[in-house]
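>
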Amino acid sequence: MQNLIDFLIRFRVFLSFVAFQVLCFFLYVQFVTYPRSVYFTAASNVNGQLLTWENDLYSYLRLSKSNQHLHEENALLRGVSFDHYYQIQRAEIKKNDTVYQQSFRFFPATIISAPVNGRNNYFTINAGTLQGLKKDMGVISSQGVVGVVFKVGRKYSLVKSVLTSDINIDVVVGKKEVRGILKWNGMNPKIGTVTGISTDINVPKWCEVRTQGATGIFPKGILLGKVKAKRRLENQSLWDIDLLFHEDLKNIHYVYVINSLIVDEIKGLQRHIPTETIE
Amino acid sequence: MKGIIRYFFLFLSFLLLQVFLARNIDLGYGFHLFLLPLFIMILPFETPVFILMLLGFLLGIIADSIMNSYGLNASSLVLFAYLRPIVFQTFTPKEGYDVLKKPVLPEMGWTWFVFSYGLLLFIYLVWFFFLEVFSLNEWVLIVRNSFFSFIFSFSVALILQLFFRKQPLA
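Chains F and C are the protein sequences, given in the same order. Read left to right, the first sequence gives residues 640 to 918 (the numbering used here). Read left to right, the second sequence gives residues 46 to 215 (the numbering used here).
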């Protein structure tokens with residue numbers, strides 16, 4: 640016992656150092672694993688309020704630019720009618736109102752904090768459970784895909800942006816709609832990475848990368864960016880594709896959260912896929 | 046008592062500067078500005094290491110909670126505080142430390158400050174970016190970010206030292 644006490648006294652500095660590090664690690668694990676705990680994150684009310692004040696201050700500096708963006712988007716939306724609707728009765732009676740069923744609803748939110756410096760970047764938006772946000776809803780802007788809702792507070796939420804290492808959004812590349820997966824290597828916030836495309840498929844430069852819409856989180860065909868360069872992965876017959884984001888993620892302020900009305904149905908169906916058992 | 050109030054205001058101003066100013070300075074290519082370690086650096090010599098670590102942890106966790114970096118700053122600042130007495134002992138001046146002096150550039154001189162703060166800041170940055178990436182496969186990213194952030198943060202720290210005048214010895 641005496642030895643133990645001696646040991647504790649002798650290494651008290653180092654032990655308290657270890658204790659602090661364990662506490663930090665615990666907070667990290669809590670952040671990553673428990674979606675409901677919003678303490679010590681920007682989705683909590685106090686920090687959300689602080690970031691809102693900061694955003695109010697900075698937003699004066701970009702009023703004219705945002706106005707222009709909204710103007711352009713309005714012009715675009717006037718020309719669009721049934722783009723995000725799912726057709727139930729295919730090409731039979733188009734006059735009937737039940738022909739198209741709405742599958743996505745969009746509601747606006749403002750980004751109040753959007754860091755792009757970290758390895759994994761989480762944006763804060765000013766909408767939460769009060770507005771009906773749920774985890775895993777998609778977030779887009781008028782220019783492209785922004786990310787997926789990660790943590791929902793009462794008034795604020797965290798968005799796991801496309802600038803995280805394992806965002807894994809399903810995308811299609813080019814006119815042939817080759818399927819791939821979006822990732823980010825942390826080097827440059829303008830450049831994303833698309834993997835999972837076999838090298839026997841030709842991927843032309845500057846062809847468009849759009850969402851695939853297979854999981855039902857995002858509508859099909861939302862523009863992400865263009866192919867900037869491609870390399871062969873070492874020892875694998877896969878392309879490592881550099882994607883130039885269409886959205887300037889450093890200067891992004893107004894977004895839309897996608898409430899998908901079909902995602903539950905798709906998930907329910909995919910649950911029935913039999914998993915192969917190894918015998 | 047006067048000292049405690051002074052350091053409390055320094056604590057707040059470093060926190061606000063880091064969270065609302067330094068975070069928004071974005072030069073790209075891994076040039077990040079870290080101001081928080083400078084606060085731990087300039088605390089008086091006789092501060093016990095436990096208090097240093099506690100202050101580092103508090104400062105880090107508040108900054109983390111606003112910046113969505115979940116414990117990264119806290120962990121790195123605790124490491125910085127833990128290593129500070131060890132590094133200070135390594136770079137002890139010939140005549141030993143003067144109790145009346147503070148660990149700032151105008152009082153301790155260029156050589157001492159550059160070596161001790163440089164070493165501590167470098168360890169801090171490597172630890173920070175290693176924890177953030179947490180994969181040795183992406184060592185290029187760790188080295189690039191640590192190197193560029195070191196240059197940026199260290200230069201700004203030297204400039205900030207102008208605010209700490211040499212105090213006349215009473």
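Glycine residues also receive a C-beta, built at the ideal position from the N, C-alpha and C atoms. Quick caveat: nothing in here was measured; it's all calculated off a predicted structure.
From the beta carbon of Gln660 of chain F, is the nearest beta carbon of chain C less than 8 Å away?
Taking Cβ atoms only, chain C reaches closer than 8 Å to Gln660 of chain F, which makes this a yes.
> Nearest chain C C-beta to Tyr699 of chain F closer than 8 Å, yes or no?
Not an interface residue.
> On the DSSP bridge assignment, give the partners of Ala748 of chain F in chain order.
Paired residues: F:Val894.
> Which same chain residues, not among the five before or five after Gly48 of chain C, have their C-beta less than 8 Å away from its C-beta?
For Gly48 of chain C, where only same-chain residues beyond five positions count, the Cβ hits under 8 Å are Pro89.
> Which chain C residues are close to Leu882 of chain F, counting only those with a beta carbon under 7 Å from its beta carbon?
Within chain C, no residue comes near Leu882 of chain F; the closest Cβ sits about 17 Å away, beyond 7 Å.
> In chain order, what residues of the same chain have a beta carbon less than 7 Å from the beta carbon of Lys734 of chain F, not counting five sequence neighbours either side?
Note that Lys734 of chain F scores 46 on pLDDT, short of 50, meaning its location in the model is unreliable; the coordinates nonetheless yield the value given after this. Answer for Lys734 of chain F: no residue qualifies.
> Show which residues of chain F have a CB atom less than 7 Å away from the CB atom of Tyr169 of chain C.
Chain F residues near Tyr169 of chain C: none, gap ~14 Å exceeds 7 Å.
> Give the DSSP-derived three-state secondary structure of Trp878 of chain F in the structure shown.
Strand at Trp878 of chain F.
> Give the range of the alpha helix (DSSP H) segment to which Ile820 of chain F is assigned.
It is not in any alpha helix (DSSP H) - Ile820 of chain F instead sits in the beta strand (DSSP E) that spans 817–822.
> Taking the continuous alpha helix (DSSP H) assigned at Arg51 of chain C, which residues delimit it?
Taken as a continuous stretch (DSSP letters only), the alpha helix (DSSP H) holding Arg51 of chain C covers 47–61.
> Can you have a look at His911 of chain F and say buried or exposed, based on whether 16 or more other CB atoms are within 10 angstroms of its CB?
By the neighbour-count rule (16 or more Cβ atoms within 10 Å), His911 of chain F is not buried but exposed.
> Below 9 Å on C-beta distance, what does Asn182 of chain C contact in chain F?
Near Asn182 of chain C there are no residues of chain F at all, since even the closest Cβ is about 10 Å away, more than 9 Å.
> Can you name the start and end residues of the alpha helix (DSSP H) that Asp809 of chain F belongs to?
It is not in any alpha helix (DSSP H) - Asp809 of chain F instead sits in the beta strand (DSSP E) that spans 808–812.
> Would you grab the beta carbon distance between Val801 of chain F and Gly786 of chain F for me? Rounded to a whole angstrom, and I think it's under 8 Å.
Contact flag correct, Cβ pair sits at about 5 Å.
> State yes or no: is the C-beta of Gln63 of chain C within less than 8 Å of the C-beta of Ala108 of chain C?
Going by C-beta atoms, Gln63 of chain C is nearer than 8 Å to Ala108 of chain C.
> By alpha-carbon positions, which one of F:Val812, F:Ile764, F:Lys774 ends up nearest to Asn898 of chain F?
The shortest C-alpha separation from Asn898 of chain F is found at F:Lys774.
> Would the beta-carbon of Thr763 of chain F fall within 8 Å of that of Asn69 of chain C?
No, they are not a contact pair.
> Give me the chain C residues within the contact set of Met826 of chain F, using Cβ-Cβ distance strictly less than 7 Å, ordered along the chain.
By Cβ distance, chain C contributes Leu186.
> Return the residue from the list F:Glu712, F:Phe650, F:Val755 that minimises the CA-CA distance to Asp887 of chain F.
The candidate whose alpha carbon is nearest that of Asp887 of chain F is F:Val755.
> Select from C:Ile168, C:Phe158, C:Leu122 the residue whose C-alpha is nearest the C-alpha of Thr262 of chain C.
Absent from the structure is residue 262 of chain C, since the part of chain C shown begins at 46 and ends at 215.
> Which residues, taken in chain order from the region 784–815 of chain F, show a beta carbon closer than 7 Å to some beta carbon of chain C?
Those residues of the region 784–815 of chain F that come within reach of chain C (Cβ to Cβ, closer than 7 Å) are Leu797.
> Looking at C-alpha atoms only, which residue of C:Glu91, C:Gly116, C:Leu203 is the closest neighbour of Tyr667 of chain F?
Of C:Glu91, C:Gly116, C:Leu203, the residue nearest in Cα terms is C:Gly116.
> Evaluate Asn190 of chain C with the Cβ neighbour count: other Cβ atoms within 10 Å of its Cβ, from every protein chain shown; 16 or more gives buried, anything less gives exposed.
Counting Cβ neighbours within 10 Å, Asn190 of chain C comes out buried, since at least 16 surround it.
> One question on the structure: do Leu821 of chain F and Leu863 of chain F come within less than 8 Å of each other, judged by their Cβ atoms?
Contact flag set, yes.
> Let's see if you can read the secondary structure: which residues bound the beta strand (DSSP E) around Phe923 of chain F?
Look at the range of chain F in this structure, 640 to 918, and you will see that residue 923 of chain F is not part of it.
> Distance check for Ser837 of chain F and Ser200 of chain C, CA to CA, integer angstroms please.
Whole-angstrom Cα-Cα distance: 46 Å.
> Which residue marks the beginning of the beta strand (DSSP E) containing Leu104 of chain C, and which one marks its end?
Where Leu104 of chain C is concerned, there is no enclosing beta strand (DSSP E), although the alpha helix (DSSP H) it sits in stretches over 94–112.
> Counting contacts by CB-CB distance shorter than 8 Å, is Val635 of chain F in contact with chain C?
Given that chain F is displayed from residue 640 to residue 918, the structure contains no residue 635 of chain F and the question cannot be resolved.
> Pick helix, strand or coil for Ala658 of chain F, following the three-state DSSP scheme.
Here Ala658 of chain F sits in helix by DSSP.
> Would you kindly work out how many angstroms separate the C-alpha atoms of Ala730 of chain F and Pro858 of chain F, rounded to a whole number?
Note on Ala730 of chain F: pLDDT 46, under 50, position unreliable in the model; the coordinate value appears next. When rounded, the distance between both Cα atoms is 21 Å.
> Output, in chain order, the set of chain F residues within a Cβ distance shorter than 8 Å of Tyr52 of chain C.
Those within 8 Å of Tyr52 of chain C in chain F number zero; the least Cβ separation is about 20 Å.
> Under three-state DSSP, which class holds Ile901 of chain F?
DSSP places Ile901 of chain F in coil when its eight states are reduced to three.
> Sort F:Leu882, F:Val810, F:Val817, F:Asn765 by Cα distance to Val788 of chain F and report the nearest one.
Here the closest residue by C-alpha is F:Asn765.
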